[in-house]
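S.K.: For reference, the structure I am asking about is given below.
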Amino acid sequence: MSSVVAVKPVVPVKPLVPVKDEWKVGALLTKADYEAWYERSVEDPDGFWREHGQRLDWIKPYTKVKNTSFAPGAVSIQWFEDGTLNLSANCLDRHLADKGDQTAIIWEGDDPQDSRRISYRELHEDVCRMANVLKDLGVARGDRVSIYMPMIPEAAVAMLACARIGAIHSVVFGGFSPDALGGRMEGSATKLLITADEGLRAGRKVPLKANADKAMEIAAKAGHAVEAMLVIRRTGAEVAMREGRDHWWHSLRETVSPDCPPEEMSAEDPLFILYTSGSTGKPKGVLHTTGGYLVWASLTHQYVFDYRPGEVFWCTADVGWVTGHSYSVYGPLANGGTTLMFEGVPNYPDAGRMWQVVDKHQVNIFYTAPTAIRALMGAGDAFVAKSSRRSIRLLGSVGEPINPEAWNWYYHVVGEERCAIVDTWWQTETGGILISPLPAVTDLKPGSATTPFFGVQPQLVDNEGTVLEGATEGNLCITDSWPGQMRTVYGDHERFEQTYFSTYPGKYFTGDGARRDADGYWWITGRVDDVINVSGHRMGTAEVESALVSHPKVSEAAVVGYPHDVKGQGIYCYVTLMEGQEPSDELKKELVAHVRNEIGPIASPDKIQFSPGLPKTRSGKIMRRILRKIAEDDFGALGDTSTLADPGVVEDLVDNRQNRK
Ligand code: 6R9
1 MSSVVAVKPV VPVKPLVPVK DEWKVGALLT KADYEAWYER SVEDPDGFWR EHGQRLDWIK
61 PYTKVKNTSF APGAVSIQWF EDGTLNLSAN CLDRHLADKG DQTAIIWEGD DPQDSRRISY
121 RELHEDVCRM ANVLKDLGVA RGDRVSIYMP MIPEAAVAML ACARIGAIHS VVFGGFSPDA
181 LGGRMEGSAT KLLITADEGL RAGRKVPLKA NADKAMEIAA KAGHAVEAML VIRRTGAEVA
241 MREGRDHWWH SLRETVSPDC PPEEMSAEDP LFILYTSGST GKPKGVLHTT GGYLVWASLT
301 HQYVFDYRPG EVFWCTADVG WVTGHSYSVY GPLANGGTTL MFEGVPNYPD AGRMWQVVDK
361 HQVNIFYTAP TAIRALMGAG DAFVAKSSRR SIRLLGSVGE PINPEAWNWY YHVVGEERCA
421 IVDTWWQTET GGILISPLPA VTDLKPGSAT TPFFGVQPQL VDNEGTVLEG ATEGNLCITD
481 SWPGQMRTVY GDHERFEQTY FSTYPGKYFT GDGARRDADG YWWITGRVDD VINVSGHRMG
541 TAEVESALVS HPKVSEAAVV GYPHDVKGQG IYCYVTLMEG QEPSDELKKE LVAHVRNEIG
601 PIASPDKIQF SPGLPKTRSG KIMRRILRKI AEDDFGALGD TSTLADPGVV EDLVDNRQNR
661 K
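Taking the UniProt record's numbering, I'd label the letters of the sequence shown as residues 1 to 661.
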């Protein structure tokens, strides 16, 4: 997609869009409710969550509620710890009596002719069958199962089947490379992998099974042999099946019982691992547990989206990301809702696809990312105007800061000023939404995630950790735990403490910067660590750097983000070549292909600049601040360069920026 978007202001951005009376009709919470609930949630968290934990069906009710500590060296997070439950029973079984025939999942295929509706009864049966198949293949409670799938209902079935038997799932985005999948399978010591023959996106086939085969080899070489693979037939392509190791889901499905009693799990038993990028080269396995996570996913889904029975909820995120976990699958299903899963992409067959799907399935709540909004805005209003969109009642945004122009377009053109926009700030680590407007409660400010959800206590600190008061800007921390918080980094609790609780001891540090305005509204300004946000996807600059230096012709690389009209941030790489290697356009192409191969297409470098040297301090640290400025063409503000070992390097970088592409 082109990186140039003509941002035409539809109407001037208004600094404040007050709640409209229509948004209050039938709403679950009033402003007074929000204020009273919020106050109680922070003054009496035990009482508040004791009550709200009851939204789930517990096998053995909890007597304890909050048991958490952010204390240095002793970080420990437990919620509802003596309660037991099963997550899949909460998402399925408990809805069968009233809603057995209601649609749980509407599936819209890549091809506009392809769609399916799956009732709660059908989904329950499929989940039970897959759970039984997993058991037959040797998966037991506590085992790790990796899931590498396209956006088809079987991805949700696989997640729920794991939850039913107490296995821990690790979903790996279908766009990741065999290397990335192999590394994650090794890291989680995966017992079994669930994948599909092929995926389908914008009419193009994605060779998932072939990638999975390579990933199995990579994991084995790294020292971990994955025992089995369960393969879903999606396109019907011929794929190699290894006898004794690989199994077809459609064959085994018929050999098992449609009943599978749900395993009784403790609230603090692990539910899933999800790998996410951080400041170091190695992705972290974020671990979420069962009870608190589901309380959080379902409560935020209900109140942030003001979700009402019978409504069709469409979160466009892939299940490979946390947004897909919490708001395509677990939140909506725990609430007995109807969730739409979309296999395709926003601009196929054309840029009107999203709105056609909205009309076709009468979507009421639409939740997507700013990058998609900007891309569709760039394609022109005509694609939107061809659809009715009258079914939409609420719009949502997630993944990165939404610029006011994109907000405005979403509000005026897509929503025709009828719908509130909830700009929801949260992270893989937080399990669900932490800061967001509520549609009937919060006056909106384009670009602001506004106010905290129940139990969330944000705080700004400066680089020394001093707490900042009033209208100001700083590093965003959260001072106390909430039920959906991650519990640890899988297999590495020390890294968990180190990453999130050591920078500002006693607080959870988000890695984001934020501003609080005079009305107490929160504005997220973006990452303050070495993580960049490319099309709403987190990418560690260190990961891209290590992919680049793994190329034989590269001696050193430094990667930074720069502003990109559609992606939010683009990937800018400074590359130093090995002695004797000549820079060329060919080599740039080779390096781009190499990074795609190592990580996946989402990590494709947007610009590569060959640079004979990188700006370093005398102790050898790369000065990224300077590299960021050059990438932004902001040469006037390079700041203090006096600590550089060789100041001449900077001039060289500025002079050579023409060679970037
Ligand atoms: C849910 C998700 C988390 C990072 C986060 C922040 C950015 C997410 C945002 C937002 C501004 C919003 N982010 N939502 N920034 N406004 N509404 O995206 O999780 O993939 O872990 O990314 O995304 O920088 O720290 P994840």
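Even glycine gets a Cβ: it sits at the ideal position worked out from N, Cα and C. None of these values were measured; they are calculated from a predicted model.
Please report how far the alpha carbon of residue 111 lies from the alpha carbon of residue 53, in whole angstroms.
M.R.: So the two alpha carbons sit approximately 41 Å from each other.
S.K.: Going by DSSP, name the residue or residues bridged to residue 504.
M.R.: Residue 504 pairs with nothing; no bridge assigned.
S.K.: Nearest-angstrom Cα distance between residue 643 and residue 614?
M.R.: Approximately 13 Å, taken between the alpha carbons.
S.K.: Cα separation between residue 214 and residue 400?
M.R.: Cα to Cα, residue 214 sits roughly 33 Å from residue 400.
S.K.: So does the stretch 127-144 actually touch the stretch 246-258, counting three or more Cβ pairs closer than 8 Å?
M.R.: They touch, by the three-pair rule.
S.K.: Ignoring anything shorter than 4 residues or poking outside the stretch 233-268, list the alpha helix (DSSP H) runs there in chain order.
M.R.: DSSP runs (the alpha helix (DSSP H)) wholly in the stretch 233-268: 249-253.
S.K.: Three-state secondary structure (DSSP) at residue 91?
M.R.: The answer is helix: DSSP assigns residue 91 an H, G or I state.
S.K.: Taking 7 Å as the cut-off, decide whether the C-beta atoms of residue 195 and residue 231 are in contact.
M.R.: Yes. Within cutoff.
S.K.: Return helix, strand or coil for residue 599, following the three-state DSSP convention.
M.R.: Coil, per DSSP.
S.K.: Where do the N-terminal and C-terminal ends of the alpha helix (DSSP H) with residue 270 fall, by residue?
M.R.: Not the alpha helix (DSSP H): residue 270 falls in the beta strand (DSSP E), residues 270-276.
S.K.: What residues does ligand 1 have around it, judged by CB closer than 7 Å to any heavy atom, in chain order?
M.R.: Cβ-based neighbours of ligand 1 within the cut-off: 276, 321, 322, 323, 397, 398, 399, 400, 401, 402, 423, 424, 425, 426, 427, 428, 429, 449, 510, 511, 512, 524, 526, 527, 533, 536, 537, 538.
S.K.: Based on Cα-Cα distance, which residue from 470, 539, 171, 38 lies nearest to residue 319?
M.R.: Of the listed residues, the one whose Cα sits closest to residue 319 is 171.
S.K.: Name the one or two DSSP bridge partners that residue 537 has.
M.R.: DSSP output for residue 537 lists 534 as bridge partner(s).
S.K.: How many Å lie between residue 193 and residue 279 at the Cα?
M.R.: Computed Cα separation, rounded: 28 Å.
S.K.: Which residue marks the beginning of the beta strand (DSSP E) containing residue 107, and which one marks its end?
M.R.: It spans 103-108 - the beta strand (DSSP E) in which residue 107 sits, taken as one unbroken run.
S.K.: What are the boundary residues of the beta strand (DSSP E) that includes residue 423?
M.R.: Residues 420-423.
S.K.: Give the straight-line distance between the Cα atoms of residue 173 and residue 234, rounded to the nearest whole angstrom.
M.R.: So the alpha carbons of these two residues sit roughly 16 Å apart.
S.K.: What's the gap between the Cα of residue 3 and the Cα of residue 571?
M.R.: Low local confidence applies: a pLDDT of 43 at residue 3 is under 50, so the model's placement there is unreliable, with the coordinate-based value given in what follows. The alpha-carbon atoms of residue 3 and residue 571 are separated by roughly 13 Å.
S.K.: Just to confirm, is the Cβ distance from residue 305 to residue 288 under 7 Å?
M.R.: It is not a contact, given that the beta carbons lie outside the stated cut-off.
S.K.: With a threshold of 8 Å on Cβ separation, who are the neighbours of residue 101 within its own chain once the five nearest residues in sequence on each side are excluded?
M.R.: Excluding positions up to five away in sequence, the list reads 119, 120, 121.
S.K.: Out of 521, 549, 152, 246, which one is the CA nearest neighbour of residue 329?
M.R.: Comparing Cα positions, the closest option is 152.
S.K.: Please classify residue 2: does DSSP put it in a helix, a strand, or coil?
M.R.: Below a pLDDT of 50, predicted positions are generally treated as unreliable, and residue 2, at 40, falls in that range; no measurement from the model is reported.
S.K.: Check residue 473 in the structure and name its three-state DSSP category.
M.R.: Here residue 473 sits in strand by DSSP.
S.K.: Count the other C-beta atoms from every protein chain shown that fall within 10 angstroms of the C-beta of residue 166, then say buried if there are 16 or more, exposed otherwise.
M.R.: With 16 or more Cβ atoms within 10 Å of its Cβ, residue 166 is classed as buried.
S.K.: Using alpha carbons as the reference points, say which of 150, 183, 125 lies closest to residue 175.
M.R.: Here the closest residue by C-alpha is 150.
S.K.: Taking the alpha carbon of residue 293 as the reference point, which residue from 594, 323, 276 has its own alpha carbon closest?
M.R.: Closest by alpha carbon: 323.
S.K.: So, do the stretch 424-431 and the stretch 404-411 have three or more beta carbon pairs nearer to each other than 8 Å?
M.R.: No, they do not touch.
S.K.: Are the CB atoms of residue 441 and residue 34 nearer to each other than 7 Å?
M.R.: Closer than 7 Å, so yes.
S.K.: Does the stretch 324-343 come within contact of the stretch 307-316, defined as at least 3 CB pairs closer than 8 Å?
M.R.: At 8 Å Cβ cutoff, the stretches touch.
S.K.: From the DSSP secondary-structure annotation, give me the bridge partner or partners of residue 313.
M.R.: Bridge partners of residue 313: 339, 365.
S.K.: So, residue 207 versus residue 198, is the Cβ gap smaller than 7 Å?
M.R.: Result yes, Cβ atoms of residue 207 and residue 198 sit closer than 7 Å.
S.K.: Are residue 185 and residue 169 close, meaning C-beta to C-beta below 7 Å?
M.R.: In this structure, residue 169 does not lie closer than 7 Å to residue 185 by Cβ.
S.K.: Between the Cα of residue 332 and the Cα atoms of 354, 459, 103, 141, which residue gives the shortest distance?
M.R.: Answer by Cα proximity: 103.
S.K.: Among all the DSSP beta bridges, which residues are the ones paired with residue 452?
M.R.: DSSP lists 435 as partners of residue 452.
S.K.: For residue 288, which residues does DSSP report across the bridge?
M.R.: Residue 288 pairs with 272.
S.K.: Report the rounded CA-to-CA distance for residue 509 versus residue 114, giving the unit in angstroms.
M.R.: For residue 509 and residue 114, the distance between alpha carbons rounds to 44 Å.
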